[in-house]
Amino acid sequence: MTKSQNVGRCARIAVILLAGASLTACVTPRYPSRADGTGKAPAPMGQGAYKVGKPYQVGGVWYVPREQPNYDERGVASWYGDEFHMKATANGETFDMTTASAAHTTLPLPSMVEVTNLDNGRKLVVRVNDRGPFVDNRIIDLSRAAAHELGYDRAGLANVRVRYLGPAPLTGRGDGVRYASAAPLATRLAPAAIAPLAAASSTSDPAMEIAAGGPSRAMTVRSDRADISVQSLPPITGSAISNTPIAGQTVMASAVSTSALRIQAGAFSSEINAQRAVAQLSQAGRASIEPLQRNGTTLYRVVMPAPADEAAAYALRDRVASIGFADARVVSSF
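If you count by numbering that gives the first Met the number 0, then the sequence shown holds residues 0 to 333, one letter each, in order.
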């Protein structure tokens, strides 16, 4: 090899190393327990353990996990992916970079948080089930899929606002978790069971689909109170409510609103769960149940009339979302 060839080869290697370094700067070190080394397979998403955790030290810095019901912070977010794909998270779940999840240094695990990309206005509700990031005072580390949804997977970093919503459900298989951009919620979600519909046409486990201004995507979270079977019916979604018995009879839709707009709160395979939804929605207005046949199965769609004025309709949607129906959306009459 001539001297000029050797110099050229060294230059190419230097360029490759610099490129790798710039990418690595966006991907932060994980919590030490991530590589558990026990040989035990990590649990699927939604089947890890709830934990606040003990104080721990990373890179000479002490972190103190604690309950933070009023957590609402702004800072820098990064993302992580391939190196930890399908490995255990800090609470024993499985990290899947193709689904939306997050790591935080001190919030209880698992938690639900709303992340807003302050650079472009996009919002995302994600499940926090891991520890990190531990670089440059960044406040949250998102999976690659979550970073893509928020529009900063290429940039690597983003200015964000992170707001705690409540504990995440623990039960259920938790496979196929996806999340979508969400409209802002007026108040924090209660730690109740949340159950919407996946985009497929087959029966699915409880899942949550958050309405977005853009294309609809599904978010699967598992209820820690009930296991409710929901069948897919795009674009209809729904939320499971607590198991408190409901007095009174089912309210079936009979009157047609003069407005062409309605609030769609959810669709349920169980009429009892639909009744619970109607009861909870009484805080926002009069909801009704509309039975619907789908592939030989009866679904119970929960809707309520919305004002004809679009701004007022979306204000009502936000009200419905704030009382537990994060996937509520404004729709035209069916």
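Think of the CB as a built atom: it goes at the ideal place given N, C-alpha and C, for glycine as much as any other residue.
DSSP beta-bridge partners of residue i
{"i": "residue 116", "result": "159"}
{"i": "residue 166", "result": "110"}
{"i": "residue 140", "result": "77 and 102"}
{"i": "residue 62", "result": "55"}
Proximity test, residue i beta-carbon vs the ligand FAD heavy atom, cut-off 8 angstroms
{"i": "residue 134", "result": "In the structure on display, the ligand FAD does not appear, and there are no ligands present to speak of."}
Same chain, Cβ closer than 6 angstroms to residue i, five either side skipped, listed in chain order
{"i": "residue 52", "result": "64"}
{"i": "residue 103", "result": "127 and 139"}
{"i": "residue 57", "result": "133"}
{"i": "residue 270", "result": "299"}
{"i": "residue 118", "result": "157 and 158"}
{"i": "residue 94", "result": "83, 86 and 88"}
Range of the contiguous beta strand (DSSP E) that encloses residue i
{"i": "residue 128", "result": "122 to 129"}
{"i": "residue 72", "result": "71 to 79"}
{"i": "residue 264", "result": "260 to 267"}
{"i": "residue 92", "result": "First-last for residue 92: undefined, no H or E at that position."}
{"i": "residue 328", "result": "328 to 331"}
{"i": "residue 152", "result": "No beta strand (DSSP E) contains residue 152, which DSSP labels as neither H nor E."}
Spatial neighbours of residue i in its chain, beta-carbon cut-off 7 angstroms, leaving aside the 5 residues before and after
{"i": "residue 282", "result": "322"}
{"i": "residue 338", "result": "Here the chain covers residues 0 to 333 and nothing more, so residue 338 does not appear."}
{"i": "residue 167", "result": "109, 110, 111, 126 and 220"}
{"i": "residue 329", "result": "260, 262, 305, 312, 313 and 316"}
{"i": "residue 331", "result": "259 and 260"}
Minimum C-alpha distance to residue i - residue among the options
{"i": "residue 149", "options": "269, 120 and 137", "result": "120"}
{"i": "residue 325", "options": "164, 153, 151 and 309", "result": "164"}
{"i": "residue 288", "options": "296, 272, 124 and 81", "result": "272"}
{"i": "residue 259", "options": "314, 303, 153 and 105", "result": "303"}
{"i": "residue 101", "options": "292, 68 and 147", "result": "147"}
{"i": "residue 50", "options": "105, 113, 85 and 122", "result": "105"}
{"i": "residue 68", "options": "151, 331, 292 and 107", "result": "107"}
{"i": "residue 91", "options": "151, 124, 48 and 72", "result": "48"}
Alpha carbon of residue i to alpha carbon of residue j, nearest angstrom
{"i": "residue 312", "j": "residue 277", "result": "18 angstroms"}
{"i": "residue 232", "j": "residue 62", "result": "For residue 232, the pLDDT reaches just 39, beneath the cut-off of 50, and the residue's location in the model is therefore unreliable, although a value from the coordinates is still provided. Their Cα atoms are separated by approximately 44 angstroms."}
{"i": "residue 129", "j": "residue 317", "result": "30 angstroms"}
{"i": "residue 301", "j": "residue 59", "result": "53 angstroms"}
{"i": "residue 82", "j": "residue 327", "result": "36 angstroms"}
{"i": "residue 267", "j": "residue 55", "result": "43 angstroms"}
{"i": "residue 66", "j": "residue 296", "result": "42 angstroms"}
{"i": "residue 116", "j": "residue 153", "result": "14 angstroms"}
{"i": "residue 122", "j": "residue 294", "result": "34 angstroms"}
{"i": "residue 80", "j": "residue 113", "result": "20 angstroms"}
{"i": "residue 280", "j": "residue 291", "result": "20 angstroms"}
{"i": "residue 285", "j": "residue 124", "result": "27 angstroms"}
{"i": "residue 275", "j": "residue 264", "result": "12 angstroms"}
{"i": "residue 307", "j": "residue 142", "result": "39 angstroms"}
Alpha helix (DSSP H) segment containing residue i, residue limits
{"i": "residue 319", "result": "309 to 321"}
{"i": "residue 274", "result": "270 to 280"}
{"i": "residue 101", "result": "Residue 101 -> not in any alpha helix (DSSP H); beta strand (DSSP E) instead, spanning 100 to 102."}
{"i": "residue 289", "result": "Residue 289 -> not in any alpha helix (DSSP H); beta strand (DSSP E) instead, spanning 287 to 293."}
{"i": "residue 300", "result": "Where residue 300 is concerned, there is no enclosing alpha helix (DSSP H), although the beta strand (DSSP E) it sits in stretches over 296 to 304."}
Close Cβ partners of residue i (< 8 angstroms) along its chain, the five nearest in sequence each way excluded
{"i": "residue 74", "result": "136, 137, 138, 139, 158, 159 and 161"}
{"i": "residue 309", "result": "260 and 329"}
{"i": "residue 71", "result": "160, 161, 162 and 163"}
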